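Just below is one structure, and these are the notes that go with it.
Residue numbers (the working numbering): 48 to 989.
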């Protein structure tokens, strides 16, 4: 099998070489260059859009953005027909010059733009909207000018945009920044993480894609600079698609009684948007996704950038989901967004684990465990966002959230532990239980903001609360046998108990902050924050008195804990912002009263402490130009130990481990420092990013264990210092477009190093861990006919110990993936995903999924046959390494099945079904697709 794999890989690499060679060989191009200047000031205009269109039908052939010096330099394909070169910049008149052809290099020297007379009502002529525009810190892409298939979703569209990368795990980065918020017309679509919008909104309804820095509501209202290093994407709906409805209905059935079904219907009418969705399946597809190739198949696109196979969750899950999303402008300046989700999940899993416990005395214990889990969960989630612009200077935002959950599980387990030094049994244990938990949660966020006539002067008020309550009722039967050093039974613990736990957690915070501009470049802010937290945990355990009657209260396993924090934190900060340089310093002092109380075995324990905790941060940002950014940050923070870590009471709920708190623990101090550098060059369509992150800890809290002769242990907590974690990495990517073909490729490298400590049997020792995970990938789109996407991931992790009795442990994972999708012949889609995984802890395996679909009846129906895990080799084996143990886990996975499905699609915009997709019009006229195709009208950037 390995030799066959080598043959396949050699052929595969040879194919990629021929593909790359032919791609470059066919690219006959010429260079256009010049400089764009303000005609009045003679100063360069950075990020002006320069693009080439055909005279005949305004098809855009190529484009670029000017650099900080106003220069542009880009290659265009040979064209013997007349073209226009156009230059646009927000607030300036468009420059247009006709060229009879593109058959030689051309230097346009200086191009002058005049300021527009009416910049507030910018008019863009239909068909001539530039593909990209930059305004302040926002990059806006004209979606109509980036070719995608008629049935493509938003995620596919984003993959076509320069500067945006979508990795194999679905994580999206924009110019090196991770995108953490997705909005549709400025509002969430079910959730702000964008999972629903990316997979389920068709690309054809999108007009603009706006990429900007992610801001909190407080930062947005105060027009403050974003504090995070993340990005936000806003999708605007095309006006002629903003009235009507569209959706999909899908159902499928397969071998082994596998099934899936889902639907989503969207109703849009100007500001009002209503979406309803649902799904039901038993193929591990939790949540909602309608991939154009594999529908809801869990692990359909199995290429992953991680070290383990995460094509599905542990076990096999049957799930049902129903969701509703509503957004509207109720009346002028009052907007609302609400969504509701009902979800059911039933998961069955078998787990086998093998763990080697490492002890500094040289003894090692090997534990084999097996468990069966049957878990059921029902949840209801409702989120509401209300936004009211009371006046031009006053805005109010309220966002309540509700969540209820009920979980039932029936786990049973057994384990055996042997002393590897003596070869004798140390203990064995088995248990069976039934657990039921009900939880309710309510949270709310309120932000009130008042801006003043003086620029940057601002007053904000924020309030947050989080209230949760949970009740659990657990029944457990267990038996644990302990053996002496000769392997002879010397102690037995049997339990038949009912534990009831009630917990309540309430937290409230209020903040007021005022910002005053001292000068045009210096702002000073002061504020105060109040925090209140109250946690109650009431656990009662009853023993069986016979006939499953649990009325005998077990005092040793019955506890009542409360923890309460009151803190007030004055704070101040200053910002210096000049041209491309920004420097922030912030300081907070939290005066905290921390009260902990317990009632255990008839005794009351109170532990009350007062802390004065300083916090501080500093940040430097330097924007070298529109595409190059450097950021450096430092944060100092402290965190308090929990009540269970502090209170000196015994927790004997585990037969193997008795845990006692330590009242002498100090708060943990964390020093975090990180730097990052990002650059994306729109002229070369390439970019890279680099980062370094570090955390250093003082008074870190670790567990300390003392093993008894029968191998049970007593655990407490201690403060230690000198631990740290470091991570560094970088990525580089490039895209090349030739006619209708697009080649994207890149590399990424991430590395980490950490030092932790463990305290076992009175011996303190350290563990150093290193990890490295490079990745290379390539995506090639041959027009609208074929897509190929190979990738390779490597991961190496090693842990060494500073004590001679413990040997180093490591793990290596190689992962090769190949995704192909064929869209030829017309109406047919054939997708394949092939993955090969080599893991040093188990035998290598292959995972191959395939799908073949046919679209018919005017593209309203899609018939599909798909097979998951054709070779029936799928596995889920993982390794985790810590300072005290090495554990390998194997879980149940979904194996081979085949399924037939049928999808029905509906579309009706502005009272009529849409015509041909915008990106196929040229082909329908018999033309070969070039560049980005014609476009819809573009509007002004908000």
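Ideal placement from N, C-alpha and C gives every residue a C-beta, glycine not left out. Predicted, not measured: the structure shown is a model, and the values here were computed from it.
Considering Cα atoms alone, identify which of the options is closest to residue i.
{"i": "residue 438", "options": "603, 268, 250 and 600", "result": "268"}
{"i": "residue 233", "options": "597, 382, 530 and 82", "result": "382"}
{"i": "residue 600", "options": "594, 609, 590 and 606", "result": "590"}
{"i": "residue 518", "options": "195, 551 and 774", "result": "551"}
{"i": "residue 125", "options": "598, 108 and 467", "result": "108"}
{"i": "residue 246", "options": "270, 272 and 218", "result": "218"}
{"i": "residue 637", "options": "665, 684, 631 and 626", "result": "684"}
{"i": "residue 366", "options": "376, 315, 375 and 425", "result": "425"}
{"i": "residue 306", "options": "293, 326, 313 and 289", "result": "326"}
{"i": "residue 632", "options": "639, 667 and 653", "result": "667"}
{"i": "residue 749", "options": "803, 903, 489 and 262", "result": "803"}
{"i": "residue 629", "options": "680, 705 and 208", "result": "680"}
Cutting at 6 Å between CB atoms, please list the residues of its own chain near residue i, excluding the five before and the five after it.
{"i": "residue 416", "result": "400 and 462"}
{"i": "residue 32", "result": "Because the chain in this structure spans residues 48 to 989, residue 32 falls outside the shown range and cannot be described."}
{"i": "residue 431", "result": "385 and 447"}
{"i": "residue 889", "result": "924"}
{"i": "residue 624", "result": "568"}
{"i": "residue 554", "result": "513 and 580"}
{"i": "residue 821", "result": "796 and 841"}
{"i": "residue 883", "result": "863 and 893"}
{"i": "residue 576", "result": "558 and 616"}
{"i": "residue 483", "result": "455 and 520"}
How about residue i and residue j: are their beta carbons less than 8 Å apart?
{"i": "residue 275", "j": "residue 259", "result": "no"}
{"i": "residue 823", "j": "residue 842", "result": "no"}
{"i": "residue 476", "j": "residue 758", "result": "no"}
{"i": "residue 181", "j": "residue 92", "result": "no"}
{"i": "residue 930", "j": "residue 805", "result": "yes"}
{"i": "residue 264", "j": "residue 494", "result": "yes"}
{"i": "residue 110", "j": "residue 177", "result": "yes"}
{"i": "residue 311", "j": "residue 373", "result": "no"}
{"i": "residue 508", "j": "residue 440", "result": "no"}
{"i": "residue 588", "j": "residue 605", "result": "yes"}
{"i": "residue 607", "j": "residue 571", "result": "no"}
{"i": "residue 101", "j": "residue 82", "result": "no"}
{"i": "residue 115", "j": "residue 673", "result": "yes"}
{"i": "residue 712", "j": "residue 766", "result": "yes"}
{"i": "residue 900", "j": "residue 909", "result": "yes"}
{"i": "residue 409", "j": "residue 387", "result": "no"}
{"i": "residue 897", "j": "residue 951", "result": "no"}
{"i": "residue 721", "j": "residue 740", "result": "yes"}
{"i": "residue 798", "j": "residue 814", "result": "no"}
{"i": "residue 192", "j": "residue 230", "result": "no"}
Name, in chain order, the residues that DSSP records as bridge partners for residue i.
{"i": "residue 946", "result": "301 and 913"}
{"i": "residue 391", "result": "367 and 425"}
{"i": "residue 822", "result": "795 and 840"}
{"i": "residue 86", "result": "DSSP output for residue 86 lists no bridge partner at all."}
{"i": "residue 542", "result": "525"}
{"i": "residue 278", "result": "226 and 260"}
{"i": "residue 905", "result": "Residue 905 pairs with nothing; no bridge assigned."}
{"i": "residue 624", "result": "629"}
{"i": "residue 926", "result": "935"}
{"i": "residue 887", "result": "Beta-bridge pairing links residue 887 to no other residue."}
{"i": "residue 434", "result": "382 and 444"}
{"i": "residue 159", "result": "84"}
{"i": "residue 940", "result": "Bridge partners of residue 940: none, in fact."}
{"i": "residue 882", "result": "864 and 894"}
{"i": "residue 779", "result": "735 and 794"}
{"i": "residue 180", "result": "187"}
Sorted by chain position, which residues of the same chain lie with C-beta nearer than 7 Å to residue i's C-beta, five sequence neighbours on each side aside?
{"i": "residue 808", "result": "406, 407, 408, 753 and 754"}
{"i": "residue 302", "result": "944 and 945"}
{"i": "residue 918", "result": "893 and 895"}
{"i": "residue 298", "result": "308, 948 and 949"}
{"i": "residue 535", "result": "none"}
Take residue i and list the residues in its own chain whose beta-carbon comes closer than 8 Å to its own, dropping the five residues that flank it on each side.
{"i": "residue 531", "result": "537, 756 and 757"}
Report task. For the stretch 655-734, list the alpha helix (DSSP H) runs that are entirely contained and at least 4 residues long, ordered along the chain. Result -> Every unbroken stretch of the alpha helix (DSSP H) spanning 4 or more residues and falling wholly within the stretch 655-734 is given here in chain order: 690-693.
Query raised in the report: Mind pulling the alpha helix (DSSP H) runs of 4 or more residues that sit fully within the stretch 450-533?
Result: Unbroken alpha helix (DSSP H) stretches of 4 residues or longer found wholly inside the stretch 450-533: none.
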